[in-house]
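*Asks:* Letter 35 of the sequence shown, counting from 1, is numbered 38 in this note's numbering, and no numbers are missing.
Built from N, CA and C at the ideal position, the CB exists for glycine as well.
In this text, all values refer to a predicted model and were calculated from it rather than measured experimentally.
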Amino acid sequence: MKTRIKNATLILPTGRMRADLLIDGEKIASIDPAIQSTSDQTVDASGLFLIPGVVDDQVHFREPGLTHKEDLACASRACAKGGVTTFLEMPNTKPATITRELLEQKLAIAASRSIVNYGFYMGATASSNGASNIAELSAAQRTPGIKIFIGSSTGDLLVDGQDDLERIFAETSLPITAHCEDETTVRENARRYAGISDVAVHSKIRDHAAAIRATRRALDLAHRHHHRFHVLHVSTGAEIALFADHRNLITAEVCPHHLFFSVDDYARLGTRIQMNPSIKTREDNQQLWRGLLEGKIQVIATDHAPHTLLEKAAPYPQSPSGLPAVENLLALMLNQVALGHCTLEQVVSWMCDAPARVWDMLGKGRIEVGYDADLVLVDLERTATIRDAEQLTKCGWSPWDGVTLQGWPVRTWVMGREVFRDGVVDGSQPGREVQFDHALGGYWGTR
Ligand code: DOR
C-alpha cells in the first residue's frame with residue numbers, strides 16, 4: 004500500500020519544509036516537493052503540519068493484572084487518538100516485569116492487543132524483597148532498559164538499599180532509568196503529617212528534598228559506574244542544576260503535570276493531581292520550562308498512570324497516585340506552540356526524536372527516508388475542549404477536563420497504516436514491537 008501525503012508542512016530533522024511524502028508499506032519512501040510516482044491513496048494535507056509520531060517513554064498501561072484501570076487495547080487507542088505511535092511501558096504491572104519470561108509474556112499480549120508500537124522495561128528487585136533479579140536484568144534483550152523504583156510508588160518494586168543499587172549499576176549493561184524520591188525522607192514526612200487527609204499534604208510528604216536527594220544519589224551511582232542513566236519525571240527546578248556535572252551520561256525528562264499543575268491546583272482538582280513525584284510549586288513549573296528550553300531536560304513523557312475515579316475518591320492517603328495523559332499530551336504541547344511559548348520543532352525534538360535516541364530505537368522519531376512511517380498530521384488552528392466523557396483511556400477521566408486547547412492531532416499512521424482520522428480510531432491492526440540497538444549509545448551516542 005502506497006500513500007501520498009501532499010501539501011503538508013513537514014517537520015524534518017533539518018527544519019520545516021513544504022513537500023510531499025510517500026509511504027510505501029511500513030516505511031517513509033520519499034520526501035520531495037512534488038512526488039510523481041503513483042500511489043493507492045492521496046491525502047491532501049493543505050494547511051496542516053506533518054510530524055513524526057510521538058514516542059512516550061513512560062507509561063503505565065496496567066496489563067496484566069490491573070486491567071480494571073487500563074489495558075493495552077484501550078490505552079493504545081488513546082495513544083492513536085493522541086498522536087502517540089510508540090510507548091514504553093513500566094514494569095509495575097501484576098505480575099511485575101522482573102524476568103525475561105514475564106517480559107516475553109507482555110510482548111506477546113501487546114502483539115495481539117496494542118494498535119501502536121510497544122516496548123517494555125524490566126523492573127529491578129531488592130534482595131530484601133525475595134531475591135535480587137540481577138541475573139535476569141543482565142541477560143535481558145528486547146527491552147529499552149532497566150527501571151528502578153529508588154522511591155516507592157504504585158506496586159512493590161522499591162529498591163532502596165545501597166548494596167542492591169551498587170550491584171545493579173555495576174553488573175548490568177542495559178540503560179537504567181529510575182523513579183527518584185528518597186524513601187527515608189518520604190517516610191519521615193509521612194509520620195510528621197500522619198492523620199491529615201487534605202491531599203495537598205502529599206506535596207509536603209513527597210517534598211522537594213525527597214526528589215533532590217534521590218536524584219543526587221542516582222546521579223552519583225551513574226557517574227561512579229559510568230552507566231547510562233535517564234532521570235524520569237523531574238519535578239523540581241533544583242534537580243536541573245545537578246545534571247550539569249554529568250553531561251554525556253545522563254538525560255532527563257519532564258511530564259506535563261509537572262509543567263502545568265502546581266500545589267495551588269489541589270483546591271480545584273484534589274486527588275486528580277495526586278502524583279508521585281508530587282506536584283510542586285509555580286516556580287518549579289517555570290524552572291522546568293526553562294530547563295527544557297535550555298536543553299538541560301531533553302524529553303517530555305506522560306507517566307500515564309490511570310486509576311479509577313472511584314479509587315481516587317478514597318480519602319487521602321488511601322487515594323492512589325497517578326493520572327492519565329497519553330491522549331492529551333500532544334495537544335497540551337501544541338497549545339504551547341499556539342501561545343508562542345515554544346516551537347513545533349522543539350516539541351518534535353522533546354517528544355519524538357529525543358526519546359527515540361535515548362532508548363536506541365531503530366527507525367523511530369524522525370521524518371526521514373527509510374524511517375518507519377509513524378506519522379501524525381496536526382492542525383495548529385483547531386480548538387477543542389478536553390472532556391472526561393470523551394476519553395478513550397479505560398479510567399475515563401482527565402485532569403484537564405474542561406480545558407480548551409488550540410492545536411490537535413487529526414490523523415495518525417502507525418507503520419504506514421492509518422489508525423486515527425478525525426476523531427475515529429481504527430483498531431483493526433496491531434502495532435509492532437520496537438527494535439532497540441543499545442550499541443548506538445543513547446542520546447549522546449552516534450546518531
Ligand atoms: O504517581 C505515580 N503513579 N507515579 C508513578 O511513577 C507510578 C504511578 C502508578 O503506576 O500508578
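Output the boundary residues of the alpha helix (DSSP H) element that contains D391.
*Replies:* Working through the sequence shown from its first residue, we reach residue 391 at position 388. Note, D391: premise wrong, no alpha helix (DSSP H); not H, not E.
*Asks:* Give me the DSSP bridge partner(s) of R231.
*Replies:* Residue 231 sits at position 228 when you count from the first residue of the sequence shown. According to DSSP, which records beta bridges pairwise, R231 is partnered with nothing at all.
*Asks:* Between K72 and G430, what straight-line distance do the alpha-carbon atoms span, to the nearest angstrom?
*Replies:* Translated into positions along the sequence shown, residue 72 becomes position 69. Translated into positions along the sequence shown, residue 430 becomes position 427. Roughly 20 Å separates the two Cα atoms.
*Asks:* Please list the segments of the beta strand (DSSP E) lying wholly inside the region 35 to 62, counting only runs of 3 or more residues, in order along the chain.
*Replies:* List check, beta strand (DSSP E) in window: 44 to 47, 52 to 55 and 57 to 62.
*Asks:* What do you reckon, are the CB atoms on D163 and E186 nearer than 8 Å?
*Replies:* The count along the sequence shown starts at 1 and reaches residue 163 at position 160. The count along the sequence shown starts at 1 and reaches residue 186 at position 183. Yes, these two residues count as a Cβ contact at 8 Å.
*Asks:* Is the region 272 to 286 close to the region 45 to 63, with three or more CB pairs under 8 Å?
*Replies:* Judged by Cβ distances under 8 Å, the region 272 to 286 makes no contact with the region 45 to 63, as fewer than three pairs qualify.
*Asks:* Can you tell me where the alpha helix (DSSP H) with P358 in it begins and where it stops?
*Replies:* Walking along the sequence shown from the start, residue 358 turns up at place 355. Per DSSP, P358 belongs to the alpha helix (DSSP H) from A357 to V361.
*Asks:* Our contact map puts I31 next to A376 with C-beta atoms below 8 Å; I'd like the distance itself, whole angstroms only.
*Replies:* In the sequence shown, residue 31 corresponds to position 28, counting from 1. In the sequence shown, residue 376 corresponds to position 373, counting from 1. With a Cβ gap of about 5 Å, I31 and A376 count as contacting.
*Asks:* Contact defined as beta carbons within less than 8 Å: I believe I282 pairs with S265. What is the distance between those atoms, to the nearest angstrom?
*Replies:* Within the sequence shown, the letter at position 279 stands for residue 282. Within the sequence shown, the letter at position 262 stands for residue 265. Indeed, because the Cβ distance is near 6 Å, the residues count as touching under 8 Å.
*Asks:* Quick check: does the Cβ of M278 come within less than 7 Å of any heavy atom belonging to the ligand DOR?
*Replies:* What you label residue 278 is simply residue 275 of the sequence shown in a count that begins at 1. Result yes, Cβ under 7 Å from the ligand DOR.
*Asks:* How many Å lie between S160 and L25 at the Cα?
*Replies:* Position 157 of the sequence shown holds residue 160. Position 22 of the sequence shown holds residue 25. Before going further, note that residue 160 is Leu rather than Ser in the sequence given. Using only the alpha carbons, I get a separation of about 45 Å.
*Asks:* Apart from the five residues just before and just after T284, which ones in its own chain have a Cβ nearer than 7 Å to its Cβ?
*Replies:* Stepping through the sequence shown from its first residue, residue 284 is reached at position 281. The residues are S265 and V266.
*Asks:* Could you say which of P433, L335, E297 and T6 lies nearest to W411 if we only look at CA atoms?
*Replies:* Indexing the sequence shown from 1 puts residue 411 at position 408. Among P433, L335, E297 and T6, the Cα nearest to that of W411 belongs to L335.
*Asks:* Is DSSP giving S33 helix, strand or coil here?
*Replies:* The residue given as residue 33 occupies position 30 in the sequence shown. It is a strand residue.
*Asks:* Which partner residues does Y3 have in the DSSP bridge list?
*Replies:* The shown model of the chain, from 4 to 450, leaves out residue 3, and the question about it has no answer.
*Asks:* Should the region 299 to 312 be called in touch with the region 71 to 86, which here means at least 3 C-beta pairs below 8 Å?
*Replies:* Output reads yes: the region 71 to 86 touches the region 299 to 312.
*Asks:* How many angstroms separate the CA atom of I8 from the CA atom of T41?
*Replies:* Your numbering for residue 8 matches position 5 in the sequence shown. Your numbering for residue 41 matches position 38 in the sequence shown. The alpha-carbon atoms of I8 and T41 are separated by roughly 12 Å.
*Asks:* Check W353 in the structure and name its three-state DSSP category.
*Replies:* Looking up residue 353 in the sequence shown gives position 350. It is helical.
*Asks:* For I303 and M4, what's the separation of their Cα atoms in angstroms?
*Replies:* In the sequence shown, the residue the question calls residue 303 occupies position 300. In the sequence shown, the residue the question calls residue 4 occupies position 1. So the two alpha carbons sit approximately 33 Å from each other.
*Asks:* Put F423 into one of helix, strand or coil per three-state DSSP.
*Replies:* Position 420 of the sequence shown holds residue 423. Strand, per DSSP.
*Asks:* Thinking C-alpha only, which one of T407, K97 and D356 is nearest P67?
*Replies:* In the sequence shown, residue 67 corresponds to position 64, counting from 1. Of the candidates T407, K97 and D356, the one whose C-alpha sits nearest the C-alpha of P67 is K97.
*Asks:* Which residues does DSSP list as the beta-bridge partners of K150?
*Replies:* Here residue 150 refers to the residue found at position 147 when the sequence shown is read from its first residue. In the DSSP output, where bridge partners are listed per residue, K150 has G126 and T180.
*Asks:* Buried or exposed: where does V437 fall if 16 or more other Cβ atoms within 10 Å of its Cβ makes it buried?
*Replies:* Position 434 of the sequence shown, counted from the start, is the residue given in the question as residue 437. Label assigned to V437: buried.
*Asks:* What are the boundary residues of the alpha helix (DSSP H) that R145 is part of?
*Replies:* Your numbering for residue 145 matches position 142 in the sequence shown. Run containing R145: none; DSSP gives neither H nor E here.
*Asks:* Three-state secondary structure (DSSP) at H236?
*Replies:* For this step, residue 236 is matched to residue 233 along the sequence shown. Coil.
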